[in-house]
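Colleague: One structure follows; several queries about it will come next.
Chains as they are written, first to last, in our numbering: chain A, -18 to 326; chain B, 3 to 310.
Encoded structure:
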């Protein structure tokens, strides 16, 4: 096990262009499950590939276990990586796929069988060892890729969107399996995804990236409840945080805190809300519409409710947001600022 | 929408069904005609001649049974030709596959001038084979050879004692082999490059992360994955080399002392230059079993590609 650190890590693909990764400083904790979360093109995969040694940094340092590894080849970094496509070797059986890292690292041949069987049993693929990758389902391939990664007991696990090729149902169970797997082996893991549900569910901490810049690094609760800026606020949550502009600040509140009611409690903010659309999602409703009157006329807002049967389309109702659920962001820097009192009317 | 679609499809199907026997035959016939006239006819004629005593300029012909084959099998030049055909074919394929792999690996990554180098490598393939062979004939000439000139200028050989590239049997064999390899290299390189780019980038990367170095990645991952495409290159190369007589004919005309004769060039020497059509036909029939085997493997590769 080891800690991964980066210092001012930067990658510029074409000179004169914006960097894919810009001055990233991070430090994992021992045995932690760290998630890089960001939209496509945010640089999360490039960052992971630099840590793996598949991409050379333009500047900055990468440290694994306290040692600078910039000039080490991937094989010397004691890492294992699971690729988005799984990158199984199609001409080799499952057994030989899993044994390949052992062969490549010149592990004694007598040990191969025991180690492969250990890794295969850990992932429940002991019965598939004679098959070729093309004879496996998506979920099985993913497990083979994991077994191949774990077999030589790496210091760090790198996972590049390993669940994105699975269908929705399988993804949920594979996610749970991955969590259990991580708890079992306890190896420091870095996981790249664009799926906020995966990030929130699996990460000990989540690092939110956009355009190669780290916007926030924190526990799932921190990034969701206390977003560092408007990007994090709107990237996490579905529907995203509602943002309204008030003078030199932007005020944000989550859809689940925007609910019908009258402002009887003194510490709530009242809005007039015209309902324009309702979506029934089984366990909840997503209601969207626009604010009416005041400074926010026409502003589009989402609400997430347990029940919305008694709300009619095109009705205008009173909605409130508790004062303590309001987040404040600076209008120019879009960074989070201290709460302040505002005149709402 | 679905209904109209089905109706339309049904219509097309019925029109196709009504016309298909005639139309199909018409579309197919040029290929059949071509093969019957230019491949089947000469092939049957060769079998016919091989069992006769046909000679150029003689209108009479008699059935002689296996006599031609018997005399050919006893002829020392046939043995040399058979041996040479196998040596040229097999050795040139080894040289070509090793060389083409090296070229494909070095041309895979982008670098300045890659397009130009790819173009230069492809040149031997697009140039007419006779022109290429004539060029080599000059390069390897006993008096005007640039290779000899360089060796003399570098004081490795004294003038007049330099090797005769096409005049000594073993050197002549090596020279023909060299030209065959030069000729086939571009074709194989292009095929292998295509095969290489078809491998997802993730796979060699996964191998690198798994701890494999350059050689292990190439030998245990990339090249095994390219096996189907390599066999295509090899099978084509085998046929090109085994049936080729241009290179030998232009470079050495089979000499010195029949030492570079191959089956096709010997058939030409016997049948056309020696006027013994029957003997020439019999020699050329010895190509058939080898070509049948190669064709079988080609069909198998094609079939596998279809299945996958």
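Just so you know, even glycine gets a beta-carbon here, dropped at the ideal spot from N, CA and C.
Helix, strand or coil for residue 197 of chain A per DSSP?
Modeller: Within the first chain, residue 197 of chain A is the residue found at index 216, counting from 1. Strand at residue 197 of chain A.
Colleague: What does the alpha-carbon distance come out to for the pair residue 316 of chain A and residue 177 of chain A?
Modeller: Walking along the first chain from the start, residue 316 of chain A turns up at place 335. Walking along the first chain from the start, residue 177 of chain A turns up at place 196. Going by the C-alpha atoms only, they are around 21 Å apart.
Colleague: Expressed to the nearest angstrom, what Euclidean distance is found between the alpha-carbon atoms of residue 331 of chain A and residue 196 of chain A?
Modeller: The structure shown does not extend to residue 331 of chain A, since chain A spans only -18 to 326, so no value can be given for it.
Colleague: Check for me: the alpha helix (DSSP H) holding residue 49 of chain B runs from which residue to which?
Modeller: Walking along the second chain from the start, residue 49 of chain B turns up at place 47. That run of the alpha helix (DSSP H) goes 43 to 52.
Colleague: So the beta strand (DSSP E) residue 238 of chain B belongs to, where does it begin and stop?
Modeller: Locating residue 238 of chain B in the second chain gives position 236, counting from the first residue. From DSSP, residue 238 of chain B is part of no beta strand (DSSP E) but of the alpha helix (DSSP H) over 229 to 245.
Colleague: Tell me the residue span of the alpha helix (DSSP H) that contains residue 177 of chain A.
Modeller: For this step, residue 177 of chain A is matched to residue 196 along the first chain. Element bounds for residue 177 of chain A: 177 to 183.
Colleague: Which whole-angstrom value is the C-beta distance of residue 58 of chain A and residue 41 of chain A, which I expect to be below 8 Å?
Modeller: For the purposes of this step, residue 58 of chain A is taken as residue 77 along the first chain, with counting starting at 1. For the purposes of this step, residue 41 of chain A is taken as residue 60 along the first chain, with counting starting at 1. No, residue 58 of chain A and residue 41 of chain A are not in contact; Cβ-Cβ is about 16 Å, not under 8 Å.
Colleague: Less than 8 Å between the beta carbons of residue 190 of chain B and residue 235 of chain B, yes or no?
Modeller: The count along the second chain starts at 1 and reaches residue 190 of chain B at position 188. The count along the second chain starts at 1 and reaches residue 235 of chain B at position 233. Cβ atoms of residue 190 of chain B and residue 235 of chain B: closer than 8 Å.
Colleague: Give the residues of chain B in contact with residue 172 of chain A, contact being defined as C-beta atoms less than 7 Å apart.
Modeller: Locating residue 172 of chain A in the first chain gives position 191, counting from the first residue. Neighbours of residue 172 of chain A on chain B: none; closest Cβ ~16 Å, over 7 Å.
Colleague: Which word fits residue 95 of chain B, buried or exposed, when buried means at least 16 other C-beta atoms lie within 10 angstroms of its C-beta?
Modeller: Position 93 of the second chain, counting from 1, holds the residue named residue 95 of chain B. Counting Cβ neighbours within 10 Å, residue 95 of chain B comes out buried, since at least 16 surround it.
Colleague: Taking buried to mean at least 16 other C-beta atoms within 10 Å of its own C-beta, is residue 85 of chain B buried or exposed?
Modeller: Counting from 1 along the second chain, the entry for residue 85 of chain B is found at position 83. Result: exposed.
Colleague: Taking the Cβ atom as the reference point for each residue, do residue 267 of chain B and residue 250 of chain B lie within a distance shorter than 8 Å?
Modeller: Looking up residue 267 of chain B in the second chain gives position 265. Looking up residue 250 of chain B in the second chain gives position 248. Result yes, Cβ atoms of residue 267 of chain B and residue 250 of chain B sit closer than 8 Å.
Colleague: Apply the 10 Å Cβ neighbour rule to residue 188 of chain B and answer buried if 16 or more other Cβ atoms are within range, or exposed otherwise.
Modeller: Taking the first residue of the second chain as 1, we reach residue 188 of chain B at position 186. With 16 or more other Cβ atoms within 10 Å, it is buried.
Colleague: So that I know if they touch, is there some Cβ in chain E lying closer than 8 Å to that of residue 100 of chain A?
Modeller: Reference to chain E is not applicable here, since the protein chains of this structure are A and B.
Colleague: With 8 Å as the threshold, decide whether the Cβ of residue 315 of chain A is near any Cβ in chain B.
Modeller: Within the first chain, residue 315 of chain A is the residue found at index 334, counting from 1. Output row for residue 315 of chain A: interface = no.
Colleague: CA-CA distance, residue 136 of chain B and residue 181 of chain B?
Modeller: As a position in the second chain, residue 136 of chain B is number 134, starting the count at 1. As a position in the second chain, residue 181 of chain B is number 179, starting the count at 1. Spanning the two alpha carbons is a distance of roughly 11 Å.
Colleague: Below 8 Å on C-beta distance, what does residue 230 of chain B contact in chain A?
Modeller: Your numbering for residue 230 of chain B matches position 228 in the second chain. Chain A residues near residue 230 of chain B: none, gap ~10 Å exceeds 8 Å.
Colleague: Return the first residue and the last residue of the beta strand (DSSP E) that residue 41 of chain A is part of.
Modeller: Counted from its first residue, the first chain places residue 41 of chain A at position 60. In the DSSP assignment, residue 41 of chain A falls within the beta strand (DSSP E) that extends over 40 to 45.
Colleague: Enumerate in chain order the residues of its own chain whose CB-to-CB distance from residue 66 of chain A is below 6 Å, with the five nearest sequence positions on each side excluded.
Modeller: Residue 66 of chain A sits at position 85 when you count from the first residue of the first chain. Excluding positions up to five away in sequence, the list is empty.
Colleague: By the DSSP assignment, the beta strand (DSSP E) with residue 16 of chain A in it spans what residues?
Modeller: For the purposes of this step, residue 16 of chain A is identified with residue 35 of the first chain, where counting begins at 1. Run containing residue 16 of chain A: 14 to 18, per the beta strand (DSSP E) assignment.
Colleague: For residue 203 of chain A, does the three-state DSSP call read helix, strand or coil?
Modeller: The residue given as residue 203 of chain A occupies position 222 in the first chain. When secondary structure is reduced to three states using DSSP, residue 203 of chain A falls in the helix class.
Colleague: Determine the contact status of residue 327 of chain A and residue 55 of chain A, defining contact as a CB-CB distance below 8 Å.
Modeller: The structure shown does not extend to residue 327 of chain A, since chain A spans only -18 to 326, so no value can be given for it.
Colleague: Measuring straight from C-alpha to C-alpha, what distance separates residue 251 of chain A and residue 311 of chain A?
Modeller: Taking the first residue of the first chain as 1, we reach residue 251 of chain A at position 270. Taking the first residue of the first chain as 1, we reach residue 311 of chain A at position 330. Rounded to the nearest angstrom, the two C-alpha atoms are 22 Å apart.
Colleague: Contact criterion: CB-CB distance below 8 Å. Does residue 198 of chain B meet it with respect to chain A?
Modeller: Within the second chain, the letter at position 196 stands for residue 198 of chain B. Judged by the 8 Å Cβ criterion, residue 198 of chain B is not in contact with chain A.
Colleague: What separation, rounded to the nearest whole angstrom, lies between the Cα atoms of residue 120 of chain A and residue 265 of chain B?
Modeller: In the first chain, the residue the question calls residue 120 of chain A occupies position 139. In the second chain, the residue the question calls residue 265 of chain B occupies position 263. Rounded to whole angstroms, residue 120 of chain A to residue 265 of chain B spans 57 Å at the Cα level.
Colleague: Taking residue 309 of chain A as the reference, give the member of A:297, A:301, A:300, A:323 with the closest Cα.
Modeller: Sequence index remark: in the first chain, residue 309 of chain A carries index 328 (1-based). Here the closest residue by C-alpha is A:323.
Colleague: Between the stretch 190 to 216 of chain B and chain A, which residues of the former have a C-beta closer than 8 Å to a C-beta of the latter?
Modeller: Result list: 202, 204, 205, 207, 208, 209, 210, 211, 212, 213, 214, 215.
Colleague: Within 10 angstroms of its Cβ, does residue 160 of chain A collect 16 or more other Cβ (buried), or is it exposed?
Modeller: Taking the first chain and counting its residues from 1, one reaches residue 160 of chain A at position 179. Classification of residue 160 of chain A: exposed, given that the 10 Å Cβ count is below 16.
Colleague: Near residue 111 of chain A, which residues of its chain fall below 8 Å by C-beta distance, leaving aside the five closest residues on each side in sequence?
Modeller: One-based indexing of the first chain puts residue 111 of chain A at position 130. So the list reads 74, 75, 76, once near-sequence residues are dropped.
Colleague: In chain order, what are the residue ranges of uninterrupted alpha helix (DSSP H) at least 4 long that sit wholly in the stretch 131 to 207 of chain B?
Modeller: 131 to 141, 148 to 155, 171 to 199
Colleague: Would residue 302 of chain B pass as an interface residue toward chain A - the criterion being a Cβ-Cβ separation below 8 Å?
Modeller: Here residue 302 of chain B refers to the residue found at position 300 when the second chain is read from its first residue. So, not an interface residue.
Colleague: Any C-beta of chain A sitting closer than 8 Å to the C-beta of residue 32 of chain B?
Modeller: Numbered from 1 along the second chain, position 30 holds the residue referred to as residue 32 of chain B. Interface residue (Cβ-Cβ distance to chain A less than 8 Å): residue 32 of chain B is not classified as such.
Colleague: Among A:265, A:282, A:27, A:267, which one has its Cα closest to the Cα of residue 273 of chain A?
Modeller: Your numbering for residue 273 of chain A matches position 292 in the first chain. Taking each of A:265, A:282, A:27, A:267 in turn and checking the Cα distance to residue 273 of chain A, the smallest one comes out for A:282.
Colleague: Could you check what DSSP says for residue -14 of chain A in three-state terms: helix, strand or coil?
Modeller: Residue mapping note: residue -14 of chain A aligns to position 5 of the first chain, counting from 1. Residue -14 of chain A falls in the strand class under three-state DSSP.
Colleague: Can the beta-carbon of residue 259 of chain A be found closer than 8 Å to that of residue 214 of chain A?
Modeller: Reading the first chain from its first residue, position 278 is the one you call residue 259 of chain A. Reading the first chain from its first residue, position 233 is the one you call residue 214 of chain A. No, they are not a contact pair.
Colleague: Are the Cβ atoms of residue 248 of chain B and residue 176 of chain B separated by less than 8 Å?
Modeller: The sequence position of residue 248 of chain B within the second chain is 246, counting from 1. The sequence position of residue 176 of chain B within the second chain is 174, counting from 1. Contact flag unset, no.
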